[in-house]
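According to my numbering, the sequence shown holds residues 835 to 1476 in order. Glycine residues also receive a C-beta, built at the ideal position from the N, C-alpha and C atoms. Since the structure is predicted, the reported quantities are computational estimates derived from the model, not experimental observations. Here's the structure, in structure tokens; my notes come after.
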Amino acid sequence: MILMQLSQLTKRFGAELILSDIDLEIQTNDRIAIVGRNGAGKSTLLKVMAGEMSYEEGNIFQSKETTVGYLEQHSGLESDGTIWEEFSHVFDGLKRMEAKLREMEAEMADPDRFSSPEEYQAFLEDYDRKQNEFKTSGGYQYEADMKAILQGLHFPESMWSQPIQTLSGGQKTRLALGKLLLTKPDVLILDEPTNHLDIDTLTWLEGYLQSYPGAVVIVSHDRYFLDKIVNTVYEVAMQRVKKYTGNYSTYLKQKEADFEQEMKQYEKQQSEIKKMEDFIQKNIVRATTSKRAQSRRKQLEKMAKMEKPKDDAKSAKFSFQVNRRSGNDVLKTREVGFHYPDSDYLFEDVTLDVSRGDSIALIGPNGVGKSTLLKILTENLAPTKGDIVIGANVEMGYYDQEQSELNRKKRVLDELWDDYPMEDEKDIRTILGNFLFTGEDVLKPVAALSGGEKARLSLAKLMMQKSNLLILDEPTNHLDLDSKEVLEAALVDYPGTIIFVSHDRYFINKIATQIVEMKPDHTQIYLGDYDYYHDKKREEAEWKAIEEAEKEKEQEAPTEGKRSFEMDKAAKREERRRLRRIEEIETRIEELEQQIEKNDELLCEPDVYQDAEKSLELTEDNEKASNEMESLMEEWEELQTD
């Protein structure tokens, strides 16, 4: 079923054309990625689809019943309430339905208030309809849904009563995502939903979106995430979109194959055009071949000429070199720990042995202290305990995810040139050009740069240092997909040593030779890339499940024995009760028989049978005794068959 359709849509900002002739279709259960370079118009396209932004030409077709939910990039949940209160507001409608059902149930308890059976029956049918609507709308499970999403986004129950105003920006962003997921719109539009998510939360979100009942449209720079989720890719380039079927990796292969095919077709046509032009030039003035030349000229004029295939923008080009080679032992840490004053330890017992050529990824949940550890390694922060030894000839370069080493007041050109004043301006401009700063861009103030531009400038400064140990804190943040791939290629060829923090699993897979999983009380080392780490974690989880199952069996064995003993005791207790009751019945029957026999003897006495009142009393007494005997005999027979 088609949920939304864009046809020939065009969007401008003033005179600037942003999107042109966009055709896009969303069907139920579609998982769509919108990809393209920074500034290509991806977020603009999402806003138009979500109804947050107008458009100049074309149409958007959408049924009235189709609901659309939109999460804007960098948006956070703002509220005066607590986490639980704000999430509960999503279900205010259901809570009103529930209150109405309780009212109806109270009315149903008093049938006398209805004027007729028909009115009562109509009321019952209305109640059934409302109850069924409440059930199908999730009325009996919305609290379970709230708990599942809060826990999946790493908000433990201890935080649910916390005021939202006290949370960090990243936590508010996660809450905005969670609240939108609870609404379950038919079309879920997400702009960079993976920001501020650690790897465990990303894995949970992947599972949630894979089973989401509606359609999902995503802009994300997380390639691993896109590979797991999407089945369709729309590339935004040069104001247009092109559709590819498959996940992100399939899109890259198709795009490359399409480019090669288009280039071959273009080159073939250019060759044909050249031959025709040469023939025309040689034969147009000859009487014998002039008609043929004129025919070729007409044919050439009517030919639909192909444009040369081109990419929509240049790619950054850079590589990392070293001034000199370090010793084999690059860095050692022993039982390093850190905490802020009056706080618990962020982490303890970090013990690492880093050798030349290693590429080590630090991973772990948000808040465990990964970035703090990097600051300790670069001596920007002192450890609370433990020892760090830097090896011989080690020259360290540090990439700070917050770009705090950049001077906001300087121009882009001066940011590099001031550090290397002996270099020619031409050479500095060439380096900046390799990082996509061209022409007047190099005269911009650093403060005016976007997040992606600041990231490229920081990488340019890092490249010029030629350090043999790179300490990188989230180096792929703010980079578009193309720039990430260029950075990966540069780091793969880098002859030095790398220690880095990243939530980009695709990037980790490309770069890492070791994974160090940080936890508050220890670190665990895995000798391999992210896929190896993921497989080992799954294997560990399976072994843990097996061990727990075996422990449960061991615990169940005595429990089963105990249960059997208790059941045996109960059976014996029941048997004693049965036998005691049989004995009681037999004694009572004997007493009743004696009573009837005695009454019969009295009824034969003249003084008694001549007394009508006395005779009636004895007769009724015998009748009662006989009835009681009959009942007791039935019970006695039942007890005998048990």
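Cβ distance (whole Å) where VAL902 is taken to contact PRO1019 below 8 Å: The pair is a contact, with the Cβ atoms about 6 Å apart (cut-off 8 Å).
Any C-beta of chain D under 9 Å from that of ARG1245: Looking for chain D here will not work: only one protein chain is present.
Those residues which DSSP pairs with PHE1271 across a bridge: Partner(s): none; PHE1271 has no beta bridge.
Reduced DSSP category for LYS1139 - H, G, I as helix; E, B as strand; rest coil: Three-state DSSP puts LYS1139 in coil, outside helix and strand.
Inter-stretch contact at 8 Å, needing at least 3 Cβ pairs: the stretch 1314 to 1323 / the stretch 1164 to 1178: In the pairwise beta carbon analysis, the stretch 1314 to 1323 is classified as not touching the stretch 1164 to 1178: fewer than three pairs are separated by under 8 Å.
Beta-carbon gap between ILE868 and ILE860 smaller than 9 Å: At the C-beta level, ILE868 and ILE860 stay beyond 9 Å of one another.
Sufficient close CB pairs (3 or more, under 8 Å) joining the stretch 935 to 949 to the stretch 1029 to 1039: With the cut-off at 8 Å, the stretch 935 to 949 and the stretch 1029 to 1039 do not touch.
Cβ-based burial, ARG1158 [other Cβ within 10 Å; buried from 16]: Around the C-beta of ARG1158, fewer than 16 other C-beta atoms lie within 10 Å, and the residue is accordingly described as exposed.
Minimum C-alpha distance to ARG1339 - residue among LYS1102, ARG1057, ARG1131, GLN1358: Taking the Cα of ARG1339 as reference, the smallest distance to any Cα among LYS1102, ARG1057, ARG1131, GLN1358 is reached at ARG1057.
Per-residue burial, LYS1087 [other beta carbons within 10 Å of its own, 16 or more giving buried]: Exposed, since its Cβ has fewer than 16 Cβ neighbours within 10 Å.
Beta strand (DSSP E) segment containing LEU1466, residue limits: Looking at the DSSP string, LEU1466 is not in any beta strand (DSSP E); the run it does join, the alpha helix (DSSP H), is 1446 to 1475.
Contiguous beta strand (DSSP E) assignments of at least 3 residues, all confined to the stretch 944 to 1025: Counting only runs of 3 or more residues that sit fully inside the stretch 944 to 1025, the beta strand (DSSP E) segments are 1021 to 1025, in chain order.
C-beta atoms of LYS1278 and GLU1239 nearer than 9 Å: No.
Alpha-carbon to alpha-carbon, SER1189 and GLY1161: Distance between the alpha carbons of GLY1161 and SER1189 is about 8 Å.
Reference LEU1304; option with closest CA among LEU1315, SER1292, HIS1312: Out of LEU1315, SER1292, HIS1312, the CA that lies nearest to the CA of LEU1304 is found in SER1292.
Contact test: PRO990 Cβ vs the ligand HEM heavy atom, cutoff 8 Å: The model depicted lacks the ligand HEM and carries no ligand whatsoever.
Exposure of PHE1093, with buried meaning 16 or more beta-carbon neighbours within 10 Å: Exposed, by the Cβ-count rule.
Assigned secondary structure, ALA1346 (DSSP; H/G/I helix, E/B strand, else coil): Three-state DSSP puts ALA1346 in coil, outside helix and strand.
Opening and closing residue of the beta strand (DSSP E) in which VAL1320 lies: Residue range 1315 to 1326 is occupied by the alpha helix (DSSP H) that includes VAL1320, with no beta strand (DSSP E) assigned at that position.
CA-to-CA distance, PHE1154 to VAL1246, given in whole angstroms: Between the C-alpha atoms of VAL1246 and PHE1154 there is a straight-line separation of about 20 Å.
Same chain, Cβ closer than 7 Å to SER877, five either side skipped, listed in chain order: Shown here for SER877: same chain residues with a beta carbon closer than 7 Å to its own, the five before and five after excluded, namely GLN907, ASP1025, VAL1053 in chain order.
Chain-order list of residues whose beta-carbon lies under 6 Å from that of ASN1065 (same chain, five-residue window excluded): A distance below 6 Å between beta-carbons, with the five flanking residues on each side excluded, links ASN1065 to the following residues of its chain, in chain order: ARG865.
Close Cβ partners of LYS845 (< 7 Å) along its chain, the five nearest in sequence each way excluded: ILE852, LEU853, THR878, VAL882, TYR889, GLU890, listed in sequence order.
Extent of the continuous beta strand (DSSP E) to which ASP1163 belongs: 1163 to 1172 is the span of the beta strand (DSSP E), which, as asked, contains ASP1163.
ILE983 vs LEU1016 beta-carbon contact at 9 Å: Taking 9 Å as the Cβ cut-off, ILE983 and LEU1016 qualify as a contacting pair.
Beta-carbon spacing of GLY1191, PRO1329 below 9 Å: Closer than 9 Å, so yes.
Buried versus exposed, by CB contacts within 10 Å (16 or more), MET1137: Exposed, by the Cβ-count rule.
Bridge-paired residues (DSSP) for ASP1032: Bridge partners of ASP1032: none, in fact.
Enclosing beta strand (DSSP E) for THR916 [first to last residue]: Where THR916 is concerned, there is no enclosing beta strand (DSSP E), given that its DSSP letter is neither H nor E.
Buried or exposed by the 16-neighbour rule on C-beta atoms within 10 Å, applied to ARG930: It counts as exposed.
Bridge-paired residues (DSSP) for VAL1067: Paired residue(s): ALA867, TYR1078.
Reduced DSSP secondary structure (H/G/I, E/B, other) of ASP1355: Coil at ASP1355, not helix or strand.
Secondary structure of MET1298, DSSP reduced to three states: DSSP places MET1298 in the helix class (H, G or I) of the three-state scheme.
Simplified DSSP state of GLY875, which is helix, strand or coil: DSSP, reduced to helix, strand and coil, places GLY875 outside both helices and strands of the structure shown, so it counts as coil.
First through last residue of the alpha helix (DSSP H) which encompasses ARG846: Segment 836 to 847 is the beta strand (DSSP E) holding ARG846; no alpha helix (DSSP H) there.
Beta-bridge partners of SER1189, as assigned by DSSP: In the DSSP output, where bridge partners are listed per residue, SER1189 has ASP1163.
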